[in-house]
Every structure is written in structure tokens, then in C-alpha cells.
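Engineer:
In full-length UniProt numbering, the protein residues as written are 1 to 276.
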């Protein structure tokens with residue numbers, strides 16, 4: 001028993017692991033809560049688009065000396081607005097527009113990165129570097145995630161109705177355009193906070209896996225929210241501790257555990273349907 005306790009406690013004797021664990025838990029929970037709305041809305045590709053599109057904003061922010069968070073937010077929001085404009089002013093479908101916009105912006109970011117002299121390693125941007133989180137970055141992540149969490153909780157029913165049926169939301173007097181861009185802003189802020197954990201490539205998994213896992217286990221939205229919080233805490237805690245003992249990248253380990261939970265939920269739902 002003591003060996004098991006030591007296995008969990010040993011990594012936390014290092015300050016950088018304490019910061020990493022707190023960051024992983026905070027980001028995982030907020031990503032999980034937002035994933036319920038993204039799955040309900042069918043915005044998986046939108047999350048992928050914004051996560052890739054923040055790269056040029058990060059590079060430009062680094063060059064100009066402004067906070068990286070600001071550059072990433074502006075770049076991600078520009079991608080979302082650009083997708084909406086092209087969709088409404090062309091015959092192209094939304095998924096087609098998102099594909100060309102996010103791939104173009106991501107490629108632009110890679111070109112910019114090759115022209116900038118920096119000691120920042122590209123893999124840290126692409127796949128995250130949670131073990132390098134400082135106290136200041138932890139506080140910034142906490143503030144962003146707390147803001148997103150507060151807005152989602154205050155407007156959870158409005159957002160749920162909009163994601164489920166925008167027409168009905170308009171009929172009952174809700175502003176669909178405001179909710180649309182509000183959700184995009186929340187998505188961009190969440191992606192910015194999660195990039196430190198999973199990077200621009202893998203962050204989409206943290207935004208989708210908890211939601212689809214919960215949707216396999218229940219059809220009630222309130223229960224989905226509870227399930228994603230539990231799953232996010234479990235994978236964030238276990239993934240951080242496990243990555244220390246495996247000497248592996250923390251973000252990918254967390255995402256692997258989320259994928260494993262999804263497979264378990266999928267198997268359970270198949271068995272439940274078969275014997276129902």
C-alpha cells in the first residue's frame with residue numbers, strides 16, 4: 001500500500017510537477033465542459049481549425065513583444081470570423097472552408113517560425129510543454145479557465161439550446177449571432193490555455209474526447225457535464241503522474257488515457273444496447 005502511495009506522491013515532490021499537475025487538472029476540466037457543447041453543436045473541425053490557426057499569432061506576438069496569449073487569441077478569432085465570412089459569401093461548405101483556412105494559417109505560421117531566431121523549440125508549440133509551466137503561466141491559465149468556466153456556467157442553458165437547435169433559440173428570444181461568436185471566443189480562450197498542455201496539434205483531442213465519451217454513457221446533458229468533469233480529473237491526474245514514471249510527454253499521455261476511456265465507453269454502450 002505504501003508503495004502505491006509513494007508512486008503517486010514521489011512526482012509531486014518537485015515544484016515543476018506540482019505546477020504541471022495543477023495546470024493539467026484546470027485545463028482538462030474546462031476543455032471537458034466545453035467539449036459537451038462542441039459535440040452537441042458538431043464543431044469538432046472548428047476546434048481543430050482554431051487550434052492550428054493560432055500558430056502565426058503566437059509567432060507574431062513573440063516578434064513584436066506582445067503577450068503570446070493576445071497574439072494567439074487574435075489569430076484564432078480571425079480564423080473563426082474568416083470561416084464564417086467565407087461560408088456566408090460563397091457556395092463552399094463550412095468544412096471545406098475550415099480545411100483551407102486552418103491549413104493555410106498553420107502553414108503560414110510554420111514559415112514564420114523558420115524565419116524567426118528563437119530558443120523556443122517547435123515541438124513545444126506543436127505538442128505542448130506542460131513541464132515547463134512557470135508560476136506566472138499557471139496563474140494566467142487559471143484566470144483564463146476561470147473566466148471561461150464562469151461564462152459557461154452562467155449561460156449553460158442558453159448555449160445548450162443554441163447548440164441543439166439555433167432556430168428554437170431564435171424563437172424564444174435568444175440572440176443566435178451573439179451566442180455563436182460568444183462560443184467561438186470561449187473556444188479560442190480554451191484552446192489558448194490548453195496549448196501549453198497538448199500543443200496546437202493535439203489540443204483538439206482534449207476538446208472532443210471527454211464530450212464524445214460522455215455522450216456514449218448518457219443522453220442527459222447535465223449528466224454529461226458531470227461525467228466529463230470526473231473523466232477529466234481522472235485522466236489529468238493519472239496522465240501527469242504516469243508520464244513522470246514513463247519519462248514521456250505529459251500531454252500525449254493524458255490524451256491516450258482519454259482515448260482509452262472513450263474505447264471503454266464505446267464497448268460499454270455496445271454491451272448495454274445488446275442486452276437492453
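From the three backbone atoms N, C-alpha and C, an ideal C-beta is built for every residue, glycine too. Quick caveat: nothing in here was measured; it's all calculated off a predicted structure.
#1: Using three-state DSSP, classify residue 14 as helix, strand or coil.
#2: State buried or exposed for residue 52, treating a residue as buried only when at least 16 other CB atoms are found within 10 Å of its CB.
#3: Is DSSP giving residue 172 helix, strand or coil here?
#4: In or out: residue 103 buried (at least 16 other Cβ within 10 Å) or exposed?
#5: Just mark residue 222 as buried or exposed, buried being the case when its beta carbon has 16 or more other beta carbons within 10 Å.
#6: With three or more C-beta pairs closer than 8 angstroms as the rule, is the segment 237 to 254 touching the segment 7 to 24?
#7: Taking one C-beta from the segment 253 to 266 and one from the segment 227 to 236 each time, how about it: are there three or more such pairs within less than 8 angstroms?
#8: Sorted by chain position, which residues of the same chain lie with C-beta nearer than 7 angstroms to residue 145's C-beta, five sequence neighbours on each side aside?
#9: To the nearest angstrom, report how far apart residue 134 and residue 203 are at their CA atoms.
#10: For residue 138, report the span of its alpha helix (DSSP H) as first-last.
#11: What is the DSSP secondary structure of residue 115, counted as helix, strand or coil?
#12: Are the beta-carbon atoms of residue 227 and residue 214 separated by less than 7 angstroms?
#13: Can you give me the Cβ contacts of residue 92 inside the same chain, cut-off strictly under 6 angstroms, excluding the 5 residues immediately before and after it?
#14: Excluding sequence positions up to five away, which residues of its chain have a Cβ less than 8 angstroms from the Cβ of residue 101?
#15: From which residue to which residue does the alpha helix (DSSP H) around residue 243 run?
#16: Going along the chain, which residues of its own chain have a beta-carbon closer than 7 angstroms to the beta-carbon of residue 71, five neighbours each way excluded?
#17: Just the C-alpha distance for residue 147 and residue 162, rounded to the nearest angstrom, thanks.
#18: Quick check on the DSSP output: the alpha helix (DSSP H) that includes residue 72 runs from which residue to which?
#19: Does the segment 257 to 273 come close enough to the segment 204 to 211 that 3 or more CB-CB pairs lie under 8 angstroms?
#20: Can you check whether the CB of residue 128 is closer than 7 angstroms to the CB of residue 295?
#21: Just to confirm my understanding: we take residue 174, look at its own chain, exclude 5 residues before and 5 after, and list those with CB closer than 8 angstroms. What are they?
#22: Can you find the residues in the same chain that come closer than 6 angstroms, C-beta to C-beta, to residue 149, ignoring five residues on each side of it along the sequence?
#23: Helix, strand or coil for residue 92? Go by DSSP, reduced to three states.
#24: So, helix, strand or coil for residue 188, using DSSP?
#25: Where do the N-terminal and C-terminal ends of the alpha helix (DSSP H) with residue 6 fall, by residue?
#26: By how many angstroms is the C-alpha of residue 2 removed from the C-alpha of residue 44?
Structural biologist: So, to answer that:
#1: Position 14 of the chain shown, counting from 1, holds the residue named residue 14. In this structure, residue 14 counts as coil in the three-state DSSP scheme.
#2: By 1-based counting over the chain shown, the position of residue 52 is 52. With 16 or more other Cβ atoms from the protein chains shown falling within 10 Å of its own Cβ, residue 52 counts as buried.
#3: Within the chain shown, the letter at position 172 stands for residue 172. Three-state DSSP puts residue 172 in coil, outside helix and strand.
#4: Position 103 of the chain shown, counting from 1, holds the residue named residue 103. By the Cβ neighbour-count rule, residue 103 is exposed, with fewer than 16 other Cβ atoms within 10 Å of its own.
#5: On the chain shown, residue 222 is found 222 positions in, with the first residue counted as 1. The residue is exposed, with fewer than 16 neighbouring Cβ atoms inside 10 Å.
#6: Output reads yes: the segment 237 to 254 touches the segment 7 to 24.
#7: yes
#8: Taking the chain shown and counting its residues from 1, one reaches residue 145 at position 145. In its chain, beyond the 5 residues on either side, 26, 27, 30, 193 have a beta carbon closer than 7 angstroms to the beta carbon of residue 145.
#9: Mapped onto the chain shown, residue 134 falls at position 134. Mapped onto the chain shown, residue 203 falls at position 203. Cα to Cα, the separation comes out at about 20 angstroms.
#10: Indexing the chain shown from 1 puts residue 138 at position 138. Taken as a continuous stretch (DSSP letters only), the alpha helix (DSSP H) holding residue 138 covers 135 to 154.
#11: Mapped onto the chain shown, residue 115 falls at position 115. In this structure, residue 115 counts as coil in the three-state DSSP scheme.
#12: For this step, residue 227 is matched to residue 227 along the chain shown. For this step, residue 214 is matched to residue 214 along the chain shown. In contact: residue 227 and residue 214 (Cβ atoms closer than 7 angstroms).
#13: Counting from 1 along the chain shown, the entry for residue 92 is found at position 92. Contacts found: none.
#14: For the purposes of this step, residue 101 is identified with residue 101 of the chain shown, where counting begins at 1. Hits under 8 angstroms: 49, 53, 79, 82, 83, 86.
#15: Indexing the chain shown from 1 puts residue 243 at position 243. Its alpha helix (DSSP H) spans residues 221 to 246.
#16: By one-based count along the chain shown, residue 71 stands at place 71. Closer than 7 angstroms at Cβ, skipping near neighbours: 57, 58, 60, 61.
#17: Numbered from 1 along the chain shown, position 147 holds the residue referred to as residue 147. Numbered from 1 along the chain shown, position 162 holds the residue referred to as residue 162. Their backbone Cα atoms lie some 20 angstroms apart in a straight line.
#18: The residue you call residue 72 lines up with position 72 of the chain shown. It spans 68 to 88 - the alpha helix (DSSP H) in which residue 72 sits, taken as one unbroken run.
#19: yes
#20: Nothing in the structure corresponds to residue 295, since the chain is present only between 1 and 276.
#21: Within the chain shown, residue 174 is the residue found at index 174, counting from 1. Cβ within range, chain order: 158, 161, 162.
#22: Numbered from 1 along the chain shown, position 149 holds the residue referred to as residue 149. For residue 149, where only same-chain residues beyond five positions count, the Cβ hits under 6 angstroms are 30.
#23: Position 92 of the chain shown, counted from the start, is the residue given in the question as residue 92. Correct three-state label for residue 92: coil.
#24: If you number the chain shown from 1, residue 188 lands on position 188. The answer is helix: DSSP assigns residue 188 an H, G or I state.
#25: Mapped onto the chain shown, residue 6 falls at position 6. Residues 2 to 9.
#26: The sequence position of residue 44 within the chain shown is 44, counting from 1. The sequence position of residue 2 within the chain shown is 2, counting from 1. Approximately 43 angstroms between the Cα atoms of the pair.
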